[in-house]
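Colleague: Encoded as structure tokens, here's the structure I'll be asking about.
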Amino acid sequence: MNFLLSFFLLFNSFTQNDGIREFDYNGKKVKTTFKVESQFIGKYAGRKSGFLKLNENGTGEYKYDQLVFPVSGCTSDPIQFEWGFILDDNGKPVKFSREYGFSYPILLKSTSKNSFKGCRDQIVVDFIIEKDQALHISSSDDWKKAL
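Basically the numbering used here = 1-based index in the sequence shown + 74.
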């Protein structure tokens, strides 16, 4: 039994180091990666106090500009999460061509007491939008990657 546990921990360690992990999203296992180009790592923010922060190690923080219709016990504290760009069948991050540039689907999975949509959803899909030579977050009107 100890051998199996050791093997699992070692395998999990290798998988995390490769940046590949699976999330359960809408009843399906979705393969993702947090090993992406450095341009995507960092803080996305706008005119108000909300932000999205992607750390290089696959963790991050999300703070709503305004928390609307929260579930009882949900606070306005930042949401801690794990993230990953969705991978295609060839192991490459999914990238959609749009008239303005590109969009990259990313999964965010809460690891804290607070979660998304007023603590209603544990995991959400968002998009990083590449347009006008800048990176934006689709779930917010004005969140843009800080330089």
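By construction, the Cβ of each residue, glycine as well, lies at the ideal position given by its N, Cα and C atoms.
All figures in this text were calculated on a predicted structure; none of them were measured in a lab.
1) Just reading off the beta strand (DSSP E) that Gly-192 is part of, what are its end residues?
2) Check whether the Cβ atoms of Phe-201 and Tyr-178 lie closer than 9 Å to each other.
3) Could you check the C-alpha separation between Phe-155 and Lys-105 for me, to the nearest Å?
4) What residue does the beta strand (DSSP E) around Glu-135 start on, and which one ends it?
5) Can you tell me the Cα-Cα spacing of Lys-122 and Lys-191, whole angstroms?
6) Enumerate in chain order the residues of its own chain whose CB-to-CB distance from Thr-133 is below 8 Å, with the five nearest sequence positions on each side excluded.
7) Exposed or buried, what is Asn-255 when buried is set at 16 or more other beta-carbons lying within 10 Å of its beta-carbon?
8) Report buried or exposed for Ala-119, applying the criterion of at least 16 other Cβ atoms within 10 angstroms of its Cβ.
9) For His-210 and Ser-171, what's the separation of their Cα atoms in angstroms?
Modeller: On the basis of the data shown:
1) Indexing the sequence shown from 1 puts residue 192 at position 118. Annotation for Gly-192: no beta strand (DSSP E) segment contains it, though the alpha helix (DSSP H) segment containing it runs 190–193.
2) Sequence index remark: in the sequence shown, residue 201 carries index 127 (1-based). Sequence index remark: in the sequence shown, residue 178 carries index 104 (1-based). Yes; because the gap between Cβ atoms is below 9 Å, this pair is in contact.
3) Counting from 1 along the sequence shown, the entry for residue 155 is found at position 81. Counting from 1 along the sequence shown, the entry for residue 105 is found at position 31. Taking the straight line from one Cα to the other gives about 16 Å.
4) Residue mapping note: residue 135 aligns to position 61 of the sequence shown, counting from 1. Element bounds for Glu-135: 133–137.
5) As a working mapping, residue 122 is identified with position 48 in the sequence shown. As a working mapping, residue 191 is identified with position 117 in the sequence shown. Taken atom to atom, the span from the alpha-carbon of Lys-122 to that of Lys-191 is near 18 Å.
6) Taking the sequence shown and counting its residues from 1, one reaches residue 133 at position 59. If we look at Thr-133 and ignore the five residues flanking it on each side, its Cβ neighbours are Gln-154, Phe-155, Glu-156, Trp-157 and Thr-185.
7) Missing from the structure shown is residue 255; the chain here goes from 75 to 221 and no further.
8) To locate residue 119, count along the sequence shown from 1; it is residue 45. So Ala-119 counts as buried.
9) Translated into the one-based positions of the sequence shown, residue 210 becomes position 136. Translated into the one-based positions of the sequence shown, residue 171 becomes position 97. Taking the straight line from one Cα to the other gives about 15 Å.
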